[in-house]
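*Asks:* If you scroll down you'll find the structure; I have some questions about it.
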Amino acid sequence: MKIIVAGLPKTGTKTMHAACNILGYKVFDIMDHFEHHCEHWHRFWDGKGQVEDFKEMYKDVEVGVDGPMFFYWEEILKAFPDMKIILTIRDEDAWWKSIRNQINIILSNTAYRVMTTISPTGRRYNNFVNRLVKTEFGIPMNEIQWKREFRHSNSYVM
């Protein structure tokens, strides 16, 4: 692991993913974390993961972006002490509007609701995302709480 993008979703992480791909890096984002390391991440959320696990999970990955890495960047840095950290940020109100809109679009999407109800993979993905969101922000969506976490996350990484 050479680089971790520690910015929260909706702060340019997809752009960073694309840029790193163009530069030839092997990049993992939320879908890769889900596909390759879903069970490992559940262990971390259950308090059973170890820093050493990250060495095995990401030994062949050069850049990590998006969740759940943005929440565990400090532990991942312990596993890869030469890794560089990039923090992507944006205006707090614009971020809140964007993330709230994205979540509302997903939750109101009939195909997504059907997929996460009848498909075993869809249910696994929905559980993965729900655990990620609960770990970072708490549930339900609460503007004051989520903005506070946005500020806290950004200032802590800095």
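Using the numbering used here, the first residue of the sequence shown is number 124, and each one after it goes up by one. Even for Gly, the Cβ is constructed at its ideal location relative to N, Cα and C.
1) Using a 10 Å radius around the Cβ and a threshold of 16 neighbouring Cβ atoms, would you call aspartate 214 buried or exposed?
2) Report yes if the CB atom of isoleucine 229 is closer than 8 Å to the CB atom of glycine 190, and no otherwise.
3) If you drop the 5 nearest sequence neighbours on each side, which residues of the same chain put their C-beta closer than 6 Å to that of leucine 210?
4) Would you kindly report the start and end of the unbroken beta strand (DSSP E) that includes valine 128?
5) Given a cut-off of 8 Å, decide if valine 174 and lysine 201 are closer than it, judged by their beta-carbon atoms.
6) So, does the stretch 219-227 touch the stretch 151-171, judging by three or more C-beta pairs under 8 Å?
7) Can you tell me the Cα-Cα spacing of glycine 261 and lysine 171, whole angstroms?
8) What separation, rounded to the nearest whole angstrom, lies between the Cα atoms of lysine 137 and valine 188?
9) Return the CA-CA distance between phenylalanine 177 and tryptophan 196, expressed in angstroms with no decimal places.
10) Below 8 Å between beta carbons: does that hold for lysine 149 and aspartate 205?
*Replies:* On the basis of the coordinates in this document:
1) exposed
2) no
3) Ala129, Gly130, Val280
4) 126-128
5) yes
6) no
7) 20 Å
8) 8 Å
9) 10 Å
10) no
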